[in-house]
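My numbering applies: residue 5 is where the first sequence begins, and numbers increase by one. Note that the Cβ used here is the ideal one computed from N, Cα and C, for glycine as well. Note that the structure is predicted; figures quoted are calculated from it, not measured. Single-structure report; data block below.
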Amino acid sequence: MNLITNLKQSTAGCIHQLYGVQLQPEQVLVNATKPEFEGDYTIVLFAFVKQLGKSPEVLGNELGAAMLAKMPGILTDFNIVKGFLNFSISNQFWFDSIKNAKVENLLPTNTHPRKIMVEYSSPNTNKPLHLGHLRNNFLGWSIAEILKLQGNEVVKTCIVNDRGIHICKSMIAWQLFANGATPTDTQQKGDHFVGDYYVKYNDAYKAQVAELVASGMTQELAEKEAPIQKGAQEMLLKWEQGDAATIDLWKRMNSWVYEGFDTTYKKIGSDFVKTYYESNTYLLGKELVEQGLQKNVFYQKEDTSVWIDLTGDGLDEKIVRRKDGTSVYITQDIGLAEVKQKEFNTDASIYVVGDEQNYHFKVLKLICQKLQLPAADGIYHLSYGMVELPTGKMKSREGTVVDADDLVEEMINISKEKTESLGKVSEFTSDQLNELYNTIGLGALKFFLLRVDPKKKMIFNPEESIDFHGFTGPFIQYTHARIKSILRKTGTAVELTTCELLPLEKALAIELSNFPAVINEAAETLDPSKVAIYTFNLAKLFNSFYAELSIANSESEEKKQLRIKLAILTAATLQKGMRALGINVPEQM
RNA sequence: GGUUCGGUAGCUCAGCUGGAUAGAGCGUCAUCCUUCUAAGAUGAGGGUCAUUGGUUCGAAUCCAAUCCGAAUCACCA
Numbered sequence: 005m006n007l008i009t010n011l012k013q014s015t016a017g018c019i020h021q022l023y024g025v026q027l028q029p030e031q032v033l034v035n036a037t038k039p040e041f042e043g044d045y046t047i048v049l050f051a052f053v054k055q056l057g058k059s060p061e062v063l064g065n066e067l068g069a070a071m072l073a074k075m076p077g078i079l080t081d082f083n084i085v086k087g088f089l090n091f092s093i094s095n096q097f098w099f100d101s102i103k104n105a106k107v108e109n110l111l112p113t114n115t116h117p118r119k120i121m122v123e124y125s126s127p128n129t130n131k132p133l134h135l136g137h138l139r140n141n142f143l144g145w146s147i148a149e150i151l152k153l154q155g156n157e158v159v160k161t162c163i164v165n166d167r168g169i170h171i172c173k174s175m176i177a178w179q180l181f182a183n184g185a186t187p188t189d190t191q192q193k194g195d196h197f198v199g200d201y202y203v204k205y206n207d208a209y210k211a212q213v214a215e216l217v218a219s220g221m222t223q224e225l226a227e228k229e230a231p232i233q234k235g236a237q238e239m240l241l242k243w244e245q246g247d248a249a250t251i252d253l254w255k256r257m258n259s260w261v262y263e264g265f266d267t268t269y270k271k272i273g274s275d276f277v278k279t280y281y282e283s284n285t286y287l288l289g290k291e292l293v294e295q296g297l298q299k300n301v302f303y304q305k306e307d308t309s310v311w312i313d314l315t316g317d318g319l320d321e322k323i324v325r326r327k328d329g330t331s332v333y334i335t336q337d338i339g340l341a342e343v344k345q346k347e348f349n350t351d352a353s354i355y356v357v358g359d360e361q362n363y364h365f366k367v368l369k370l371i372c373q374k375l376q377l378p379a380a381d382g383i384y385h386l387s388y389g390m391v392e393l394p395t396g397k398m399k400s401r402e403g404t405v406v407d408a409d410d411l412v413e414e415m416i417n418i419s420k421e422k423t424e425s426l427g428k429v430s431e432f433t434s435d436q437l438n439e440l441y442n443t444i445g446l447g448a449l450k451f452f453l454l455r456v457d458p459k460k461k462m463i464f465n466p467e468e469s470i471d472f473h474g475f476t477g478p479f480i481q482y483t484h485a486r487i488k489s490i491l492r493k494t495g496t497a498v499e500l501t502t503c504e505l506l507p508l509e510k511a512l513a514i515e516l517s518n519f520p521a522v523i524n525e526a527a528e529t530l531d532p533s534k535v536a537i538y539t540f541n542l543a544k545l546f547n548s549f550y551a552e553l554s555i556a557n558s559e560s561e562e563k564k565q566l567r568i569k570l571a572i573l574t575a576a577t578l579q580k581g582m583r584a585l586g587i588n589v590p591e592q593m
């Protein structure tokens, strides 16, 4: 059991024994003691002072004495400063925690593993992936990994938005301007090729609107009447009617996009157990609308459209079926939730989707609950903020996007230059070098996007390249490589006897012991940044330790064995923490 | 206008279930490689925690109001 948990439970137990008052262990506040005070952990007494009718001084002394008796061999002493009860932990306890720790046993124990679906990535097939997609992909992959490390079974899925007016825009622009060209002809990645026609569509559209306005039409009307816009709408209609030529073109262009996406996904490490295509799912949910009508969850208006009234829940009315009988977005999602539940039978389903859809997911969960679908209560929206440029939002149409492939490549190039200038891997083969550049470049990028709270929007300045120093992926990768380098020299066979721990040795032991709790917290809050912060602090602490104390030339053999073990545990913890972020750590860099 | 989320150092962000003197990184300045990887370490400087009021032993943290910013409130997906 975790020491902090133990302290909380023991405190609650002692207070019950001493005063007959029942407390929940969670009500006990345990902090790491501030460095300027004597002790390792602090219990804040103020909370109980009033309830127990004792002065902090008296309560502290009585509780402190009882705690020492309750946790012999662990607690050695206590002192009271104002309302803070500071406990000192025995040297032996921390020494044993190092001695008994095993590399293969660093993760939390999970007595109730769950089966959880993580749906992420969700690209549109009319344009290539950009920086915002990268945040989504890294978050999705990371949260899936964190849940796995916590002991759960995870199913990663992807829903591809492969139909709709936006695809038709790329298609019609291709018909008009491409002269039958293909990505092979232009030697372009397929998703970029198709994306270029999406941009061309918008250029042509703007020109046509301007022309119509110049000839005397109002802006509003011109936007509706632009020929290319009408062409795209006709194409959508034809697609829905199953027109062979249209479907053919649609399949062809999508296949180019998928080829491009595959390359990118492979590069950045995204993978899925199952990919759903909206062209297959967009008609889902129809029977559920019928069921909902029968259950009186939904109601029909005079024009035969079907609605749900959520005003009682503080939301608005929402349409779930158009008067022409077709589904809307939310209906598809309800249907898909049902389909996924039947297919995988998961306990929970996490949707990694931008915060612009917060309202949508609130409504989705609520409707599913009202329909009493099995999937309903397990729906979680991992909502993340947009990635913005210093100049504001990214817009594909206006070309103000940071392209995912370009950025990844740039990061890899920077790591290559940096690595070459340091010249520490001269014996690497070219394959090994390329792998290292990928590891470091992607590590920097992933860490950069995962180190901040997902729900906050973040600013990315393309003028300043992503850092490789400080609170970054490469810093942690470097620390890992550094430890491995040391261990190659000292060996890893250890035999621990006993010795007094120095402050930095103890600090490392304490930090290492927190790892399982960090993974649990990250899993519960769906927040990989907790892991990023932890791995950074651990790496920083180790570097201080390294600068201060020699491992290979320790002052005694006992110390050397101890420090080698600390190094082994730190490297393994860093490796697992970074893995939780989807980042590999090199043996040498 | 309603709802939701945000505002902490020059910049990017932690801290937010109330606890001791508000923390990191970058940038700036200074110091440390004949000794285990300097992508590192050590130190200095930098703050009306948006504003005002409240709750209390104690507020960056909770509550209210105000100001600023964003998202959303589509028979688009």
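Rounded distance between the beta-carbons of residue j and residue i, thought under 8 angstroms
i	j	result
L370	L314	6 angstroms
M582	I480	6 angstroms
I354	V122	5 angstroms
V198	N128	Rounded, the Cβ-Cβ distance is 10 angstroms, inconsistent with contact.
G477	G447	4 angstroms
Y209	Q233	6 angstroms
G264	W145	Incorrect: roughly 19 angstroms between the Cβ atoms, too far for contact.
F82	G68	4 angstroms
C162	Y201	Incorrect: roughly 23 angstroms between the Cβ atoms, too far for contact.
S489	Q336	Between Q336 and S489 the Cβ distance is about 53 angstroms, and since that is not below 8 angstroms, they are no contact.
L27	A16	4 angstroms
Length of the line joining the Cα atoms of residue i and residue j
i	j	result
V429	P532	31 angstroms
L143	L573	26 angstroms
G289	E468	47 angstroms
E431	T443	18 angstroms
K299	L375	8 angstroms
G427	Y550	22 angstroms
D320	L377	21 angstroms
Q304	M257	39 angstroms
E66	A73	11 angstroms
N109	L512	17 angstroms
V324	V159	28 angstroms
Y538	D359	25 angstroms
Y482	L180	52 angstroms
S419	V217	51 angstroms
T222	I334	34 angstroms
M175	L368	31 angstroms
G155	L585	16 angstroms
A185	T267	21 angstroms
T350	E157	9 angstroms
S554	L79	29 angstroms
H484	V589	7 angstroms
Outcome for residue i when other beta-carbon atoms lying within 10 angstroms are tallied against a minimum of 16
i	result
F99	buried
L597	Given a span of 5 to 593 for the chain in the structure shown, any question on residue 597 remains unanswerable.
S400	buried
K54	exposed
H385	buried
E61	exposed
D166	buried
I150	buried
R492	exposed
P39	exposed
A105	buried
I93	buried
T501	exposed
E347	exposed
Report yes or no: do three or more beta-carbon pairs, one from the segment 176-191 and one from the segment 105-118, lie closer than 8 angstroms?
no
Quick one: which unbroken alpha helix (DSSP H) runs of 4-plus residues sit fully inside the segment 351-428? Chain order, please.
362-374, 408-426
Given 8 angstroms, three or more beta-carbon pairs between the segment 6-19 and the segment 28-41
yes
Inter-stretch contact (C-beta, 8 angstroms, three-pair minimum) for the segment 82-91 and the segment 46-53
yes
Quick check: the segment 445-462 against the segment 384-392, are there 3 or more CB pairs under 8 angstroms?
yes
Which complete alpha helix (DSSP H) runs does the segment 59-108 hold, if anything under 4 residues is left out?
60-74, 95-104
Could you name each continuous alpha helix (DSSP H) segment of 4 residues or more that falls completely within the segment 459-515, going from the start of the chain to the end?
477-494
4-residue-minimum alpha helix (DSSP H) runs that sit fully inside the segment 114-196, ordered along the chain
135-153, 169-181, 187-190
Inspect the CB distances between the segment 486-496 and the segment 562-572 and report whether three or more fall short of 8 angstroms.
yes
Mind pulling the alpha helix (DSSP H) runs of 4 or more residues that sit fully within the segment 210-251?
223-229, 231-244
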